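Engineer:
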Amino acid sequence: MIFISKILFFTSHHGFYTVVLLIVFFSLVSFLTKKWWLLLPIIPLGIANAFAGQFLNAWFLNKYGTESTAIITSDVETSSTLNDMYIHDYEAIVKKQDGKYITTFFSTTSASIYPIENAIRIPQVNSPFPVKYIPGYEKNIVILYDQSEEGRRLRQYEMLAPINTAKIKYEADPTNKEFIKEYLTALENYVEVYKDDNYNIQIEKLKKELEESR
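For reference, each letter of the sequence shown is one residue, going 1 to 214 in the working numbering.
1. With a cut-off of 8 Å, do at least 3 Cβ pairs link the segment 71-91 to the segment 6-26?
2. Among V142, G136, Y133 and K34, whose alpha-carbon lies nearest the alpha-carbon of P123?
3. Would you call the segment 147-155 and the segment 90-101 touching, i.e. three or more CB-CB distances under 8 Å?
4. Are T69 and P128 close, meaning C-beta to C-beta below 8 Å?
5. Let's see if you can read the secondary structure: which residues bound the alpha helix (DSSP H) around S74?
6. Is the beta carbon of K63 closer than 8 Å to that of I102?
7. Could you say if the segment 31-42 and the segment 155-171 meet the contact criterion of at least three C-beta pairs nearer than 8 Å?
8. Buried or exposed, going by whether 16 or more other CB atoms sit within 10 Å of the CB of F106?
9. Less than 8 Å separating the beta-carbons of S110 and Q156?
10. What does a CB cutoff of less than 7 Å around Y133 pick up in its chain, not counting 5 residues either side in sequence?
11. Could you say which of V191, P135, T73 and D146 lies nearest to N126 if we only look at CA atoms?
12. Quick one: using the 10 Å Cβ neighbour count with 16 as the cut-off for buried, is P174 buried or exposed?
13. With burial defined as no fewer than 16 other Cβ atoms inside 10 Å of the residue's Cβ, what is the status of Y223: buried or exposed?
14. From what residue to what residue does the beta strand (DSSP E) around M85 run?
15. Could you pull out every unbroken beta strand (DSSP E) segment of at least 3 residues lying fully inside the segment 125-181, listed in chain order?
16. Between which two residues does the beta strand (DSSP E) holding Y199 run?
17. Quick check on DSSP: helix, strand or coil for Y114?
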């Protein structure tokens, strides 16, 4: 597991050098076997690593890693951009199983984050957050963003959005069954995750209104 983690760390953090190694490896194999078509996988593998290297690393570490905590100690904005936003370089310390810390690094483009989604969310500096790693190679981490304090706040905010939308519709037309159902569903989804007595009262009120409208 440590060996695999080291390989995934290298490929997800050093895309250019990974392509160089792919060229050297397949060129050597092609030369020794006299089979030129063995050069064909170089470009697809290089592209795949550039777009999915950190995703594979995130899946692997979340599946087989041990949970711990980390703290970002440095956040430096670079001159490079991704989707019109500046790329950041980060340094962090990771807590090992013996309680001591080890230093690691990653960037906006190389950070492994779980759950895997089309978004790059990095915790703030000097704020502990949960991670997973393979014991013995703690510098390769996956950020468990949804379990962090920031992640929980963001998820709560995202679950409030459909409630606010449904509430506006309901208040505009309280007799509309579809609006009642939409408001009710949004509230029920929320209280399944977060306790809220006021929302529970509103849920019972909406259920009663829905029953009376039949």
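Think of the CB as a built atom: it goes at the ideal place given N, C-alpha and C, for glycine as much as any other residue. Quick caveat, the model's predicted, so the values are computed rather than measured.
Structural biologist: In short, the structure shows the following:
1. As far as the Cβ criterion goes, the segment 71-91 does not touch the segment 6-26, which means the pair count is below three.
2. By one-based count along the sequence shown, residue 123 stands at place 123. For P123, the nearest C-alpha among the options comes from V142.
3. Flag = no, the segment 147-155 and the segment 90-101 do not touch.
4. As a first step, residue 69 is located in the sequence shown; it is residue number 69 there, counting from the start. As a first step, residue 128 is located in the sequence shown; it is residue number 128 there, counting from the start. In contact: T69 and P128 (Cβ atoms closer than 8 Å).
5. For the purposes of this step, residue 74 is taken as the residue at position 74 of the sequence shown. Element bounds for S74: not the alpha helix (DSSP H) but the beta strand (DSSP E), T66 to L82.
6. For the purposes of this step, residue 102 is taken as residue 102 along the sequence shown, with counting starting at 1. For the purposes of this step, residue 63 is taken as residue 63 along the sequence shown, with counting starting at 1. In terms of Cβ geometry, I102 and K63 do not form a close pair [threshold 8 Å].
7. Note that the segment 31-42 does not touch the segment 155-171; fewer than 3 beta-carbon pairs, one per stretch, sit closer than 8 Å.
8. Against the sequence shown, residue 106 aligns to sequence position 106. F106 comes out buried.
9. Translated into the one-based positions of the sequence shown, residue 110 becomes position 110. Translated into the one-based positions of the sequence shown, residue 156 becomes position 156. With respect to Q156, S110 sits apart: the two C-beta atoms are not nearer than 8 Å.
10. What you label residue 133 is simply residue 133 of the sequence shown in a count that begins at 1. Cβ within range, chain order: L61, G65, T66, S68, V94, N140 and I141.
11. Taking the first residue of the sequence shown as 1, we reach residue 126 at position 126. Ranked by Cα distance from N126, the options V191, P135, T73 and D146 are led by T73.
12. The residue given as residue 174 occupies position 174 in the sequence shown. Exposed, because fewer than 16 other Cβ atoms sit within 10 Å of the Cβ of P174.
13. Nothing in the structure corresponds to residue 223, since the chain is present only between 1 and 214.
14. Locating residue 85 in the sequence shown gives position 85, counting from the first residue. Run containing M85: M85 to K95, per the beta strand (DSSP E) assignment.
15. Entirely contained in the segment 125-181, the beta strand (DSSP E) runs reaching 3 residues are, in chain order, 129-134 and 137-144.
16. One-based indexing of the sequence shown puts residue 199 at position 199. No beta strand (DSSP E) contains Y199, which is instead part of the alpha helix (DSSP H) from D197 to E212.
17. Indexing the sequence shown from 1 puts residue 114 at position 114. Strand at Y114.
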